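>
Residue numbers (my numbering): -15 to 513.
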């Protein structure tokens, strides 16, 4: 059995470990390690006219505007609020050929994403300050819930609201600082992952051909099943037994460590479905293993290509940089950290300008510069990084001897979540649902709603006290319009009916004839009764 790995360059969904190409070893257990690199690491003035449906004549508008403007400036010394933005144990692989009828893809792997800070304002039932509803005398119901900022008209009447605005600004700063600190804590947990050994088992089972021949069964009824499974080895447990025991429930399932697995069968034996692909992007759940089952009675060699899942992404380092840093596959941050450690250990930092470092002959061969800015390192490194190549394995499908056939196992260094990470994540998630803070936000929004309602009532009675007669006329006109809208007669205009031109229109003659006809018909019906 040939267990040689052709190209080793991948790692786990949860890890930072990589695998470097190695020569073939006769030992059926092959292990790939890499050097362990260092860890890296608009304010407006208050309106001078009372908003609402109360329209005054021009002279009265000027008097009312001056009175309200002077009163507002007496009580509010230019302190206004600033608005703020607000399972099955095995996955049956599928063939890329449409004629394949041996199962579909299965497990899925997720990808870790940087947490996005929440907006500073947490209340969803906040008050809106962008619009002010026109006041009507019949509207004494609570105003629409707005954001937590004090409306500008309220700020003009309450000088104390400036302190509340300052508290809002301070709250926004605290919320932003907490969000940033939460992200920093999540990234700075040391270590975020623990390196473990993932032992991969590749073996196949088959039907008993000897019994089939004895019972005169057809050769087409013979079948074989290729299985790929594995487990995380616990510390101090390096059993090389062919049986694959399940990993601890605290570890991710087997399929979580892979991005894509491709299996190539002998095309001469399976011309229509010799390529089988499992892709984590199309798989719904994580699984404990993979299985390919086919009919057949001839032995052959299956080729397996494994692309391991990296989070964060890892890259293959170019040959010159790999010789310099001793890294073949690693994350970008660890590569940069290792390079900085190289510069520091050899004291290459420029004494005149600490933002630059001197390139020794080895660095000059990599970057082609005699002197480099630290800020340019990431850009220069991109030219020396590429996507890792998949791991290539071979497995001989055996149809004789003991079933299951002797399995080959391969050890791969992967990273798994740190045992305390789940507890820490649960603790950090507690900041998202602070019931006490939410209750205070609701109380603040309720108080602002009441303040806004009192401001509307104050404006109502203030306008009435200053201009009673015109206020009553405007109020009656407004309520009449509302009554017409409610009655569905918004097009009816009484003022037009008071003019003689209204009855000189072409439709009047027809209307009179219809009216007389209806009246005559009504009189006849009344006479019969």
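Note that CB positions come from ideal geometry on N, CA and C, so glycine has one too.
Keep in mind it's a predicted model, so treat the numbers as computed, not measured.
(1) Rounded to whole angstroms, how far is the Cβ of residue 343 from the Cβ of residue 360, which I believe are closer than 8 Å?
(2) From 246, 306, 375 and 156, pick the residue whose C-alpha is nearest to that of residue 275; which is it?
(3) Is the beta carbon of residue 369 less than 8 Å from the beta carbon of residue 301?
(4) I need the straight-line Cα distance from residue 293 to residue 266, nearest angstrom please.
(5) Following the continuous alpha helix (DSSP H) through residue 514, name the residue where it begins and the one where it ends.
(6) Using the three-state DSSP reduction, which class does residue 488 fall into: helix, strand or coil?
(7) Okay, do the stretch 282 to 298 and the stretch 382 to 396 touch, 3+ Cβ pairs below 8 Å being the bar?
(8) If you compare alpha carbons, which of 209, 165, 252 and 144 is closest to residue 391?
(9) Given a threshold of 16 other Cβ atoms within 10 Å of its Cβ, counted over all protein chains shown, does residue 154 qualify as buried or as exposed?
(10) According to DSSP, simplified to helix, strand and coil, what is residue 209?
(11) Helix, strand or coil: which one does DSSP assign to residue 218?
(12) Does the distance from the CB of residue 372 to the CB of residue 298 come in under 8 Å?
(13) Per DSSP, which one or two residues make a beta bridge with residue 380?
(14) Residue 365: which of 462, 317, 211 and 450 sits nearest, CA to CA?
(15) Could you tell me if residue 216 is buried or exposed, where buried requires 16 or more neighbouring beta carbons within 10 angstroms of its beta carbon?
(16) Our contact map puts residue 305 next to residue 326 with C-beta atoms below 8 Å; I'd like the distance itself, whole angstroms only.
(17) Just to confirm my understanding: we take residue 457, look at its own chain, exclude 5 residues before and 5 after, and list those with CB closer than 7 Å. What are they?
(18) For residue 152, count the other beta carbons within 10 Å of its own beta carbon; 16 or more makes it buried, fewer makes it exposed. Which is it?
(19) What do you get for residue 269, buried or exposed, if any count of 16 or more other CB atoms within 10 angstroms of its CB means buried?
(20) Along the chain, where does the beta strand (DSSP E) that runs through residue 277 open and close?
(21) Give me, in chain order, the residues of the same chain whose beta-carbon lies closer than 7 Å to that of residue 332; leave out the 5 immediate sequence neighbours on both sides.
If we stick to the structure as given:
(1) Actually they do not touch by this definition, with Cβ atoms about 11 Å apart.
(2) 246
(3) yes
(4) 14 Å
(5) The chain is shown from -15 up to 513; residue 514 falls before or after that span and cannot be answered.
(6) helix
(7) yes
(8) 209
(9) exposed
(10) strand
(11) coil
(12) yes
(13) 285
(14) 317
(15) buried
(16) That pair is no contact at about 10 Å.
(17) none
(18) buried
(19) exposed
(20) 273 to 279
(21) 341, 342 and 344
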